[in-house]
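Reviewing the structure listed below.
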Amino acid sequence: MGSRASSLLREEDIEEIKKETGFSHSQITRLYSRFHSLDKGENGALSREDFQRIPELAINPLGDRIINAFFPEGTNKKYTAREDQVNFRGFMRTLAHFRPVEDNEKNKDLTSGEPLNSRTNKLHFAFQLYDLDRDDKISRDELLQVLRMMVGVNISDEQLGSIADRTIQEADTNGDMCISFSEFTKVLEKVDVEQKMSIRFLH
Amino acid sequence: MEGFWAVFFPVLRVWFTCLVVLIMLPAMFGISLGITETYMKILLKTLEWATHRIQRASRAEEILKRSASNGEPKSAERGDFTLSDVLYFSTRGIESIVEDDVTQRFTSEELVSWNLLTRTNNNFQYISLRLTVLWGVGVVVRYCILLPLRITLTAIGLSWLVIGTTMVGFLPNFRVKGWLSELVHLMCYRICARGLSATIHYHNKQNRPKRGGICVANHTSPIDVVILANDGCYAMVGQVHGGLMGVLQRAMERSCPHIWFERAEMRDRHLVTQRLRDHVNNKTKLPILIFPEGTCINNTSVMMFKKGSFEIGGTIYPVAIKYDPQFGDAFWNSSKYSMVSYLLRMMTSWAIVCNVWYLPPMTQEEGEDAVQFANRVKSTIAQQGGLVDLAWDGGLKRAKVKESFKEQQQKKYSHMVVGDDSNKL
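Given below as structure tokens:
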């Protein structure tokens, strides 16, 4: 009947997700309802088609790249059973990057390293929107691909090429004609990433 | 065994007589004995008490609306591309994954507080013994008392519709025939409405649709037809069905003209428009009833109106229908429930309570095309019913969104980065 979705989520799972992502109990149950409503096949995992069914996402120029972010390379069994499916843990893990950074972020005994929604991790998420082959470098081609996705057919190849060249020139400090993660971070150091990459979740 | 039947038949007779006298007859003549009002009052009190109990136990969670996100991709009107431009699109994308305006319209509305029906029990945990007992009593009342009652009433209503319209159909074409046909239709719909425990409040009856006009309303479920037909007679428009629906359709057709299309005919838009136009131009015929959304939406919003109905000409009479979800969810989620299980759910809800507003008639203005006219009517209905006015197509329930919308977004962004060719020096 689909109205008792929350009963399929066990308390232990909620606690683990809480530790890993920092979401509150009610946020997790609410997002689980959302996950469940997107999961048309009712098999506990979302496929790319399930995401494509959201009209606002389907018309987003970077829609495909965003969906890609949920399906990381090299299946980590905790988050995906198959390469083209993501379970609830994986879903939450990706969404966690967009949690607002609270000023007095209490250290909620996180498993390792920084919280998922730290500035560095947010920037890394954005970096990976460009870096399709996951080689930790944004090449000219990769940059052109993303540019093409955002502008559609409205700008010519030459113009786009020159925009890409200029961008790489400005960002590249070690002369390898690619943008590494640290160069990327440097370019965006004045941008308020914490605010631009945060969304308000239900409290 | 004998003893059982000896007891059963008198009980059945008493039951039937009660039914006829107390419910059917008053319904047929449009009078009310006040039984439904009393039932509703008791129901309201009970639900208020239950809500109070639930809120005492758990702090009410605030539903934060999505705060207006980071505006535009670029801070200025124009600016060159920077690596941070992806941030805007990615954040908007993730926002739409968490909550979007469209997919939530195709499932039932979430209630703020539980109304003691199992089906709406989303996240409400066990609160107290008294509440559970109340819920149990509710189940017994709804399934053992109300359900049989409602099924009997609906069966009577529908059979009377078929019999009555067939009988009227035999009469020659005098004025009396039209009047009788309307009477039969009204009586049957009234009985059916009682069969759903429907309480309907009509507003602005002076704007009721007149002959030769087109009545346009937002669509939530097949019950909309019963709701509207309780207060006036309409010519229905739709596809020819087989089975029970087909029997009803043919019966109704006998006593007064409706417009039923064969499946193949529906694809020919000119044919459809022409037939509707012929009907509308004949001022003696009943107003047509059309639902321009083309599909059932969950009554929290009004989605795109298909322009076909607005190209026919004639006066449009907009009607806004808003159901009260506290008493029963009227939305038909056709991908989840078949017609039969949907009707069963309807008949085991507390009641169907709705408001119907008749809005002043509208006509297409000079220099306005069908799409703009449709949007104008849609906004009026949305505003009156307190519904969200969306431009999205209800067809997105099943179909993919058009590529042209993405292209629009891309164009906008390109404009910001590069600007018009004419501006470039």
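Chain order of the listed sequences is A and B. Going by full-length UniProt numbering, the first residue of the first sequence is number 1, and it counts up by one from there. Going by full-length UniProt numbering, the first residue of the second sequence is number 1, and it counts up by one from there. For each residue, glycine too, the CB sits at the ideal point set by N, CA and C.
Proximity to residue i [Cα-Cα], best of the options
i: threonine 21 of chain A; options: A/Ala96, A/Arg119, A/Leu38; result: A/Ala96
i: histidine 185 of chain B; options: B/Val319, B/Val162, B/Val102; result: B/Val162
i: isoleucine 214 of chain B; options: B/Val280, B/Ile321, B/Ala382; result: B/Val280
i: valine 191 of chain A; options: B/Leu147, B/Val340, B/Asp85; result: B/Asp85
i: isoleucine 381 of chain B; options: B/Ile316, B/Val20, B/Glu403, B/Tyr342; result: B/Ile316
i: arginine 89 of chain A; options: A/Arg10, A/Asp135, A/Ala126; result: A/Arg10
i: serine 349 of chain B; options: B/Ser379, B/Cys256, B/Leu147, B/Met416; result: B/Leu147
i: arginine 53 of chain B; options: B/Glu37, B/Arg130, B/Thr82; result: B/Arg130
i: lysine 412 of chain B; options: A/Met149, A/Leu132, A/Ser118, A/His36; result: A/Met149
i: glutamine 249 of chain B; options: B/Leu158, B/Phe106, B/Trp332; result: B/Leu158
i: threonine 118 of chain B; options: B/Arg105, B/Arg142, B/Met245; result: B/Arg142
i: leucine 180 of chain B; options: B/Ile35, B/Thr300, B/Cys256, B/Thr36; result: B/Cys256
i: arginine 150 of chain B; options: B/Ser197, B/Val137, B/Phe8, B/Val176; result: B/Ser197
i: phenylalanine 106 of chain B; options: A/Glu42, A/Ser37, A/Phe201; result: A/Ser37
i: leucine 171 of chain B; options: B/Ser128, B/Gly138, B/Arg254; result: B/Arg254
i: threonine 152 of chain A; options: B/Met362, B/Val417, B/Glu407; result: According to the sequence shown, residue 152 of chain A is glycine rather than threonine. Of the candidates B/Met362, B/Val417, B/Glu407, the one whose C-alpha sits nearest the C-alpha of glycine 152 of chain A is B/Glu407.
i: leucine 286 of chain B; options: B/Met236, B/Met245, B/Gly308; result: B/Met236
i: residue 428 of chain B; options: B/Gly308, B/Pro26, B/Cys354, B/Gly136; result: Outside the modelled stretch of chain B, which goes from 1 to 425, sits residue 428 of chain B, for which no answer is possible.
i: phenylalanine 331 of chain B; options: B/Val417, B/Ser221, B/Pro10, B/Met347; result: B/Ser221
i: alanine 391 of chain B; options: B/Lys307, B/Asp80, B/Tyr39, B/Val418; result: B/Lys307
i: lysine 400 of chain B; options: A/Leu123, A/Arg30, A/Glu15, A/Phe51; result: A/Phe51
Beta-carbon proximity of residue i to residue j, cut-off 8 Å
i: arginine 190 of chain B; j: isoleucine 23 of chain B; result: no
i: leucine 129 of chain A; j: leucine 62 of chain A; result: yes
i: isoleucine 66 of chain A; j: serine 414 of chain B; result: no
i: serine 113 of chain B; j: glutamine 206 of chain B; result: no
i: valine 319 of chain B; j: tryptophan 357 of chain B; result: yes
i: glutamine 364 of chain B; j: phenylalanine 310 of chain B; result: yes
i: aspartate 101 of chain B; j: glutamate 56 of chain A; result: yes
i: isoleucine 28 of chain A; j: lysine 18 of chain A; result: yes
i: lysine 137 of chain A; j: leucine 87 of chain B; result: no
i: threonine 173 of chain A; j: leucine 143 of chain A; result: no
i: arginine 34 of chain A; j: valine 98 of chain B; result: yes
i: isoleucine 352 of chain B; j: phenylalanine 373 of chain B; result: no
i: aspartate 84 of chain A; j: arginine 48 of chain A; result: yes
i: isoleucine 199 of chain A; j: isoleucine 94 of chain B; result: yes
i: arginine 277 of chain B; j: isoleucine 312 of chain B; result: yes
i: isoleucine 321 of chain B; j: glycine 385 of chain B; result: yes
i: methionine 252 of chain B; j: threonine 132 of chain B; result: no
i: leucine 111 of chain B; j: alanine 50 of chain B; result: no
i: alanine 45 of chain A; j: valine 86 of chain A; result: yes
i: lysine 69 of chain A; j: leucine 83 of chain B; result: The residue asked about is misnamed: residue 69 of chain A is alanine in this sequence, not lysine. Not in contact: alanine 69 of chain A and leucine 83 of chain B (Cβ atoms no closer than 8 Å).
i: aspartate 329 of chain B; j: glutamate 109 of chain B; result: yes
i: glycine 79 of chain B; j: methionine 416 of chain B; result: yes
i: residue 497 of chain B; j: arginine 398 of chain B; result: Past the boundaries of the shown model lies residue 497 of chain B; chain B is included only from 1 to 425, so the question cannot be answered.
Cβ shell of residue i (< 8 Å), same chain only, five flanking positions each side left out
i: phenylalanine 291 of chain B; result: Val216, Ala217, Asn218, His219, Asp224
i: threonine 120 of chain A; result: Glu114, Thr185
i: tryptophan 160 of chain B; result: Val184, Met187, Cys188, Ile191
i: methionine 266 of chain B; result: Gln239, Val272
i: tyrosine 337 of chain B; result: Arg345
i: serine 379 of chain B; result: Asp389
i: glutamine 410 of chain B; result: none
i: arginine 376 of chain B; result: Met362, Glu368
Cβ-based neighbour list, residue i, same chain, cut-off 7 Å, excluding 5 preceding and 5 following
i: leucine 64 of chain B; result: Caution is warranted here: a pLDDT of 39 is assigned to leucine 64 of chain B, below 50, making its placement in the model unreliable, and the coordinate value is therefore given only provisionally. None.
i: glycine 394 of chain B; result: Glu293, Gly294, Thr295, Ile297, Met303, Met304
i: glycine 242 of chain B; result: none
i: asparagine 230 of chain B; result: Tyr189, Arg190, Ala193, Ile200
i: histidine 182 of chain B; result: According to the sequence shown, residue 182 of chain B is glutamate rather than histidine. Correct list, in chain order: Cys233.
i: alanine 164 of chain A; result: Arg140, Leu143, Leu144, Leu147
i: lysine 177 of chain B; result: Val168, Leu171
Cβ neighbours of residue i in the same chain (closer than 6 Å, five flanking residues each side left out)
i: leucine 19 of chain B; result: none
i: valine 146 of chain A; result: Tyr130
i: cysteine 144 of chain B; result: none
i: leucine 160 of chain A; result: Leu147
i: histidine 258 of chain B; result: Ala235, Met236, Met252
i: tyrosine 323 of chain B; result: Asn299, Ala330, Cys354
i: phenylalanine 23 of chain A; result: none
Considering only residues of the segment 346-413 of chain B, which uninterrupted alpha helix (DSSP H) runs meet the minimum length of 4 residues and lie entirely inside it, listed in chain order? 370-385
Members of the segment 131-156 of chain A near chain B, C-beta cut-off 9 Å: Answer in chain order: Ile138, Leu143, Val146, Leu147, Met149, Met150, Val151, Gly152, Val153, Asn154, Ile155.
Quick check on the DSSP output: what are the complete beta strand (DSSP E) runs of length 3 or more inside the UniProt domain "Phospholipid/glycerol acyltransferase" (213-324) of chain B, in order along the chain? 214-217, 235-239, 259-261, 288-290, 316-323
The segment 100-112 of chain B: which residues have C-beta closer than 9 Å to a C-beta of chain A, in chain order? Asp100, Asp101, Val102, Thr103, Gln104, Thr107, Ser108, Glu110
Check distances from the C-beta atoms of the segment 375-407 of chain B to those of chain A and list, in chain order, the residues that come in under 8 Å. Trp392, Leu396, Lys400, Val401, Phe405, Lys406, Glu407
Quick one, which residues of the segment 78-101 of chain B are near chain A if we go by CB-CB under 9 Å, in chain order? Asp80, Phe81, Thr82, Leu83, Ser84, Asp85, Val86, Leu87, Tyr88, Phe89, Ser90, Thr91, Arg92, Gly93, Ile94, Glu95, Ser96, Ile97, Val98, Glu99, Asp100, Asp101
Whole alpha helix (DSSP H) elements within the segment 136-184 of chain B, 4-residue minimum: 147-169
At a CB distance below 9 Å, what residues from the segment 143-155 of chain B approach chain A? Give them in sequence order. For the segment 143-155 of chain B, no residue has a beta-carbon sitting nearer than 9 Å to a beta-carbon of chain A.
Alpha helix (DSSP H) runs contained entirely in the segment 46-96 of chain A, provided each spans 4 or more residues: Look at the segment 46-96 of chain A and you find these whole runs of alpha helix (DSSP H), each 4 residues long or longer: 48-52, 55-58, 63-69, 88-96.
Residues in the segment 198-225 of chain B having any Cβ partner in chain A nearer than 9 Å: none
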